[in-house]
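**Q** With the first letter of the sequence shown counted as 1, position 254 gets the number 254 in this note's numbering; the numbers rise by one all the way through.
By construction, the Cβ of each residue, glycine as well, lies at the ideal position given by its N, Cα and C atoms.
Fair warning: this is a prediction, and the values are worked out from it, not measured in the lab.
Just dropping this structure here.
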Amino acid sequence: MKLINRDPELLREICAILVSDHKSWHTLPALARTGKAFFEPAVNTLWRIIPSLSILFFLFPADAWTVEMGQRYWHTHRVSLRRALVPADFARFHIYAHRIKVFGDAWASPLIGLRKYMLSREALEALYNYRPTPCLLPDLRQVHACQGVVPFLSVLLGSHVESVTMLVGCSVRIAEDPRTLRMLSSIPRKCPRLSQLQVSCGSESKKFMDATAGLCPALTKLVDFAMPYTPITAAVLDTLATSLRLKFLHIFVELDDGPQSCEALFAHSLAVPSFTKLKELTINVENIEHATRFLACVSSSRLCALHVNCRTPPSAQEAEALFDALRSHPSRQSLYSLRVDAFHDPSMDMSTRWLTNETLRPLLELRLQLLTLMGFLVDVDDSMLESMARAWPELHCLSMAEGERWGTAHPPRATILGIIPFIEHCPDIEVIGYRMQTDVFRSGDVCRTHGRPGRGVTTHRAIELNVGDSRIHDSIEVASFLSDVAPELCHISNMWRTRDDLDYDEEMGPDMIAEEDMHYKWQEVRQYSEHFALPLARSSPDCWELISRTYRHTLLIRNPISYTAIIADETTSPTFYFSVKLTPSISSILSIPDVV
C-alpha cells in the first residue's frame, strides 16, 4: 500500500487493467467502496482526473440511471436517467466531488477505459437543473469541455478553476445557446483565477464573438489565450494587445477590405506598444503577408517561439519579407523556434515559390534551435546547410519541406553530405530533414581523401533522419556513410509508398514498381546502418572498416577471434589490409561464407 501511495503510475496501471472489460460498468463503484484499502493519497490520485461526467453517475443509486451499450467495441456507451434526481441521490457524489481537479482530459486519466461512456442530453439537462449546489466540483482546476457539454459548462465553473478549454465546433446552435452565452459572461465572476482560455469554434457567430469580446477585458490574470478557428475581431485584439500578463497567443487573423482590414484591425496595436510580454505566438492566416503585418504589432523582446499557418504557399518574396521582419524584430536574440506551415496544392505553379539560399539567409542572424518549413519547396545547397549549422550551434531540429512529394521536376541541390556540418557544429541535434541527393559517393574517393565517409565527424546521439522523396541508388553506400556519422541512428522516414499505401480508389500506376524500390532501399539503409555501426563503434580513425559495394574483391580468413579482411579496391592501389570483427548478423546480410 505504501508503494501505491508513492507511485501514482502504478495505480494508473491497476485501473487500466480493472476497466479493460468494456462490457462492465461496475468497476468504478467497486473501487470507490474499497477506497479505504488504497489510503487517502491513492484515492485522490484515482479521482484527480475524470474523462467525463458520466463516471459520476455511477455514484448515484442504481435505480436512477441506466447504460445503453454500443454494438461495437469502439462505439460510445450512453448513460441516461431512469427517474428524476433528488438531493438524497448526491450523498455519495459529494464524497468524491472535491477530489476531482481535472475534468475532460481523457488521455491523462487513470480511468481512460471509461472515456467511452457519455451522458445523454436529457441527463445533462437534469444535472444542470437539479444540481444541489451551483458548482458540482468545488476544487476543479482544469476544464476540457467537448461540444455537447459546453452549454452546461457553468455547473463546473468554480473559484479554483485556472484553465478552461471549450470545443464548440461549427454548431451555431451551441454557440448561440442562451446557456452558452450566460456561461461566457459569468466566467470572470466565477473564475477569478482563470489564466488559460482556449476556445475552438468554427462558427462565425456574431453573438458568440461579442460575448467573447466582453469576456476578455475582465480576465485580468489571463496568460494563455487561444481562438485558432474563428477570425479575431478588433475589439478582442485590442484587449489582448494591452494585457500585461499575456504570454501565449494562438489566433486566426483574416483580413479583407471591410471591418477586418489591416488598418482597422491593427490600428490600435500599431499606435502603442502591444503584446509586450508575449513569449509564444501561433497565428493562422490566409496569406503569409498578414503574419508579417501582425508581427509588426508585437513589441515583446521575449518572443521565443513563432508558428505561422498559411493556407497558400508563400512566394519567395513574401517569405523573405517575413524572415527580414524577424531579423529586425526586438525578439531576434530570444527567438529559438520558428515553424511555417503552408497548405500545399499540387496543381499550383511552384516556379515563384522556391525558397532558396538567399530567401533563407536572413534567418542566419537568429539563434534558432528548431526550424520547420512545410508545404512549400525549399531548394538549398550544401554550402547553405553548413552556414545554418555554424549559425545555429544549439539546433535540435531541422525540417525543411521533406513532408511533401515534389517528384523529379524539382530535384534537390543539397546532398547527403550536408548532414556532416550539423553533426560537427550542433551537438544537440536530434532531427535532420531535407530532400537530398544520395548518389554523391565515388568509388574509393571518400576513403582515399578523407579516410572515412564522415570525415571523422560522428555523434552518439539518437538521430532521426527525414528524407522525403529523396531518390536512392545504392543502399549500402548510404548506410556506410550514415553508420559512420550517426551510429545511433534511430529512424529514417521517407515519402515513398508501396502498393499497400494506396487509397482504396487509387489505381497502381506504372511508376509504382520504381517507387516501391525507393521505399525498400531506404528500409535497407536503416537495417544495414544498424549492423554496420557495431564494428564501427570499435574502430579507430587510423583503421576504419568500410563495408560497401565500393570494394568488390574481399578475402576473409577465419580465426577464433575475428575475420581478417583483405580488401582490394578496383580503382586504387595499394590494397587495404585491416582486421575487423564481423558479427553473424553482418555476415548474413552480406552473404559472407565461412571461408572464401
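To which residues does DSSP link Ser337 through a beta bridge?
**A** Ala305 and Leu370
**Q** Could you tell me the distance, in whole angstroms, from the CA atom of Leu85 to the CA atom of Leu157?
**A** 21 Å
**Q** Looking at Ala325 and Thr292, is the spacing between their C-beta atoms short of 8 Å?
**A** yes
**Q** Could you have a look at Gly202 and say whether DSSP puts it in helix, strand or coil?
**A** coil
**Q** Buried or exposed for Thr133, please, with buried defined as at least 16 other CB atoms from any protein chain shown within 10 angstroms of its CB.
**A** exposed
**Q** Using the rule of at least 16 other Cβ atoms within 10 Å of the residue's Cβ for burial, across every protein chain shown, is Asn129 buried or exposed?
**A** exposed
**Q** Can Glu204 and Phe248 be called in contact, C-beta distance under 8 Å?
**A** Phe248 is positioned such that its CB atom lies no closer than 8 Å to that of Glu204.
**Q** What are the boundary residues of the beta strand (DSSP E) that Thr165 is part of?
**A** Ser163 to Gly169
**Q** Could you have a look at Cys216 and say whether DSSP puts it in helix, strand or coil?
**A** helix
**Q** Would you mind giving the Cβ-Cβ distance between Asp139 and His98, rounded to the nearest angstrom? I have them listed as a contact below 8 Å.
**A** 5 Å
**Q** Does DSSP put Gly433 in a helix, in a strand, or in coil?
**A** strand
**Q** When you compare each of Ala514, Ile492 and Thr233 to Thr498 by their alpha carbons, which one comes out closest?
**A** Minimum Cα distance to Thr498 is reached at Ala514.
**Q** If the criterion is Cβ atoms closer than 8 Å, does the pair Phe275 and Cys297 meet it?
**A** yes
**Q** By alpha-carbon positions, which one of Arg413, Tyr336, Glu254 and His531 ends up nearest to Asn284?
**A** Glu254
**Q** Which residue wins for smallest C-alpha separation from Glu488, given the options Phe532, His473 and Asp469?
**A** Phe532
**Q** Using beta-carbon positions only, say whether Leu368 and Leu395 come within less than 8 Å of one another.
**A** yes
**Q** When you compare only the Cα positions, how much space is there between Val164 and Pro178?
**A** 19 Å
**Q** Heavy atom of the ligand NAD less than 7 Å from the Cβ of Arg92, yes or no?
**A** For the structure depicted, the ligand NAD is absent and the ligand set is empty, with no information on it obtainable.
**Q** Going straight from the alpha carbon of Ser470 to that of Met518, what length do you get?
**A** 9 Å
**Q** How long is the line joining the alpha carbons of Pro192 and Gln527, rounded to whole angstroms?
**A** 57 Å
**Q** Can you check which of these residues, Ala123, Leu385, Lys101 and Thr45, is closest to Ala64 by C-alpha distance?
**A** Ala123
**Q** Is the CB-CB distance between Leu303 and Leu338 below 8 Å?
**A** No; because the gap between Cβ atoms is not below 8 Å, this pair is not in contact.
**Q** Near Pro400, which residues of its chain fall below 6 Å by C-beta distance, leaving aside the five closest residues on each side in sequence?
**A** For clarity, residue 400 is Met in the given sequence; the question names Pro instead. Once the five neighbours on either side are set aside, the close Cβ partners of Met400 are Leu373, Val378 and Tyr434.
**Q** Whose CA, out of Ser331, Ser243, Ile100 and Met209, lies closest to the CA of Thr45?
**A** Ile100
**Q** Tyr419 to Glu162, Cα distance in whole Å?
**A** Note that residue 419 is Ile in the sequence shown, not Tyr. If you take the alpha carbons of Ile419 and Glu162, they lie about 45 Å apart.
**Q** Residues in its own chain within less than 8 Å of Thr458 by CB, not counting five upstream and five downstream?
**A** Excluding residues within five positions, the ones whose Cβ falls inside 8 Å are Ile423, Asp484, Val485, Ala486 and Pro487.
**Q** Does DSSP classify Tyr130 as helix, strand or coil?
**A** helix
**Q** In three-state DSSP terms, what is Ala486?
**A** coil
**Q** Taking the alpha helix (DSSP H) that Asn357 belongs to, which residues open and close that run?
**A** Asn357 to Leu360
**Q** In the region 267-291, which residue ranges form an unbroken beta strand (DSSP E) of at least 3 residues, counting only runs that do not cross its ends?
**A** 280-285
**Q** Taking only three categories from DSSP, how would you classify Pro178?
**A** helix
**Q** Hey, would you say Leu127 sits closer than 8 Å to Leu53, going by beta carbons?
**A** Yes.
**Q** Kindly provide the ranges of any beta strand (DSSP E) runs that are 3 or more residues long and lie completely inside the region 376-418, ordered along the chain.
**A** 397-400
**Q** Going by DSSP, name the residue or residues bridged to Thr66.
**A** Ser80
**Q** Among Met384, Pro421 and Ala391, which residue has its Cα nearest to the Cα of Arg413?
**A** That would be Met384, whose Cα lies nearest to the Cα of Arg413.
**Q** What separation, rounded to the nearest whole angstrom, lies between the Cα atoms of Leu167 and Thr180?
**A** 12 Å
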